Amino acid sequence: MTRIRSHVCLVIGCVLSLVLRGCVDQHPENGEEQKSRVVSSEETFTGSESAESSASDSLPAMLEITDEAEKAAVEAAREKVKGLGREPRLIATSPAVADICDKLDLDLAGVCETSVSALPSRYEGITTVGAAMSPDMEIISSLAPDWILSPASLQSDLQPKYETVKTEWAFLNLKSVQGMYRSIQELGSIFDRGAEAEQLVSDFISFYDKYQKENAEKQHPKVLILMGLPGSYIIATPNSYVGNLVELAGGDNVYSDTEEEFLTVNTEDMKKKEPDVILRAAHALPDQVAEMFADEFATSDIWKHFTAVQEGRVYDLSYDKFGMSAAFSYKEALDELRPMLYP
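Reading the sequence shown from the start, the letters are residues 0 to 342 in numbering that gives the first Met the number 0.
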């Protein structure tokens, strides 16, 4: 049976020395004015007793935030925003985060630069703060933000930089669709956009309930996901966004028994897994990656021994739908996967 994992939502940082149990690891020995250190975005809250839940479990229950420490952290953040007495000044440092802010009807004081995806039209003319992976902290500081919102995948790089600015910040779990919607729920609570968040979550539940029912009686295939970079490739597990999409679509990832997002594995081990379907995605430079995969499968002798290759069940995924961060294009991505998994 395909199993769908539960995922952590927001990782919230605080400038003040507030003990938000379950979200913040305080070190009082460093002094009461020391900024808080946020726990790893991979650490589950105590309310998530299992890393997995079956596909038959209630999706609303999966998205429900029940852990008291988690709720306390969100409530503390909400009170800080209320204490401003005005709309907060927000900066979104990635296109995916900007899309979420747009859906929640949140104005931004600053937004990332991007040449890959289009930003929501409401943010045209907004001050740009640099690329998602390397925002310009001088520009960010000049905008005097109340909150900086970023994807949790960049937390280790960005958190030390944010700690140099007198502001609040939150890292969103965008490694999965579930994580994105749990983050949406929490942002809705923090920034007084509960109605907007509830509508977005309701739309997701309705869509996915219908999608699941349409595929319920079908044989779920074993899937190998290759994530390509020019000149090399790695294995995408269910802990990656592409892997999460395949899992939501009903595919059984042949490399599911791991905590890692990506693995380096030799082709002999892949052959032992004997996947029914091989999916190829690009981390960047999709045209070059597609050419690399075509050459690899044409010239490397071992691939011709894979059943998936022999049966013509090798597919290239669209770069714009299967990125590194969860996005609202997940519906189109799941529709693209359907004929690949269930021909």
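We treat Cβ as the ideally placed atom computed from N, Cα and C, and that holds for glycine. Please read these numbers as outputs of a predicted model, since none were measured by experiment.
(message) Helix, strand or coil, according to DSSP, for residue 294 in the structure here?
(response) Look at residue 294 here: in three-state DSSP terms it is helix.
(message) By the three-class DSSP mapping on this structure, what secondary structure does residue 106 have?
(response) coil
(message) Classify residue 304: buried if its beta carbon has 16 or more other beta carbons within 10 angstroms, exposed otherwise.
(response) exposed
(message) Using a 10 Å radius around the Cβ and a threshold of 16 neighbouring Cβ atoms, would you call residue 291 buried or exposed?
(response) With 16 or more other Cβ atoms within 10 Å, it is buried.
(message) Using DSSP's beta-bridge definition, name the partner residues of residue 221.
(response) Residue 221 has 251 as its beta-bridge partners, per DSSP.
(request) For the stretch 173–184 and the stretch 209–219, state whether three or more C-beta atom pairs, one from each stretch, are separated by less than 8 Å. (result) no
(request) Let me know if residue 110 comes out buried or exposed under the rule of 16 or more other beta-carbons within 10 Å of its beta-carbon. (result) Buried: at least 16 other Cβ atoms inside 10 Å.
(message) Given this structure, state the Cα-to-Cα distance separating residue 95 from residue 286, to the nearest angstrom.
(response) 22 Å
(message) Buried or exposed for residue 60, going by 16 or more other Cβ atoms inside 10 Å?
(response) exposed
(request) Specify the secondary structure class of residue 267 as computed by DSSP and reduced to three states. (result) Helix, per DSSP.
(request) Taking the CB atoms as reference points, tell me whether residue 170 and residue 186 lie closer together than 9 Å. (result) no
(request) Taking the CB atoms as reference points, tell me whether residue 173 and residue 90 lie closer together than 9 Å. (result) The Cβ atoms of residue 173 and residue 90 lie no closer than 9 Å to each other.
(request) In angstroms with no decimal places, state the Cα-to-Cα distance between residue 241 and residue 301. (result) 25 Å
(request) Determine the burial state of residue 78: buried for a count of at least 16 other Cβ atoms within 10 Å of its Cβ, exposed for fewer. (result) Of the residues assessed, residue 78 falls on the exposed side of the cut-off, its CB having fewer than 16 other CB atoms within 10 angstroms.
(request) Could you say if the stretch 195–213 and the stretch 256–269 meet the contact criterion of at least three C-beta pairs nearer than 8 Å? (result) no
(request) Ignore the nearest five residues each way along the sequence and tell me which others in residue 135's own chain have a CB closer than 8 Å to its CB. (result) 128 and 129
(request) Could you check the C-alpha separation between residue 256 and residue 168 for me, to the nearest Å? (result) 33 Å
(message) Can you look up residue 152 in the DSSP assignment and give me helix, strand or coil?
(response) helix
(message) Less than 9 Å between the C-beta atoms of residue 164 and residue 140, yes or no?
(response) yes
(message) For a quick check, are the C-beta atoms of residue 317 and residue 297 less than 9 Å apart?
(response) no
(message) For residue 318, report the span of its alpha helix (DSSP H) as first-last.
(response) It is not in any alpha helix (DSSP H) - residue 318 carries neither H nor E in the DSSP assignment.
(request) Grab the span of the beta strand (DSSP E) containing residue 164 for me, first residue to last. (result) Segment: none, residue 164 is in no beta strand (DSSP E) and carries neither H nor E.
(request) Check the DSSP bridge columns for residue 226 and list the partner residues they point to. (result) 233 and 280
(request) Would you mind stating whether residue 277 and residue 223 have Cβ atoms separated by less than 9 Å? (result) yes
(message) Quick check on residue 150: buried or exposed, where buried means 16 or more other Cβ atoms within 10 Å of its Cβ?
(response) buried
(message) Between the alpha carbons of residue 243 and residue 334, how many angstroms are there, rounded?
(response) 14 Å
(message) So residue 195 and residue 106 are supposed to be a Cβ contact under 8 Å. How far apart are they, rounded?
(response) Actually they are not in contact, since the Cβ atoms of residue 195 and residue 106 sit about 13 Å apart, beyond 8 Å.
(request) Could you work out which residue in 225, 326, 250 and 233 is closest to residue 315 when comparing CA atoms only? (result) 225
(message) If we require 4 or more residues per run, which alpha helix (DSSP H) segments fall completely within the stretch 81–131?
(response) 94–102
(request) Excluding the 5 residues preceding and the 5 following residue 88 in the sequence, name in chain order all residues of the same chain whose CB lies nearer than 8 Å to its CB. (result) The answer, listed in chain order, is 108, 142, 143, 144, 145 and 146.
(request) Could you tell me whether the Cβ atoms of residue 366 and residue 312 are closer together than 9 Å? (result) Residue 366 lies beyond the residue range present for the chain, which begins at 0 and ends at 342; the question has no answer from this structure.
(message) Using a Cβ-Cβ cutoff of less than 6 Å, which residues in the same chain neighbour residue 272 once the five nearest sequence positions on both sides are dropped?
(response) 253
(request) In angstroms with no decimal places, state the Cα-to-Cα distance between residue 326 and residue 247. (result) 14 Å
(message) Would residue 209 and residue 250 qualify as a contact pair, given that the criterion is a beta-carbon distance under 9 Å?
(response) no
(message) Which residue marks the beginning of the alpha helix (DSSP H) containing residue 214, and which one marks its end?
(response) DSSP places residue 214 in the uninterrupted alpha helix (DSSP H) bounded by 193–214.
(request) Closer than 6 Å by C-beta to residue 228: which residues in its own chain qualify, once you throw out the five before and the five after it? Chain order, please. (result) 282
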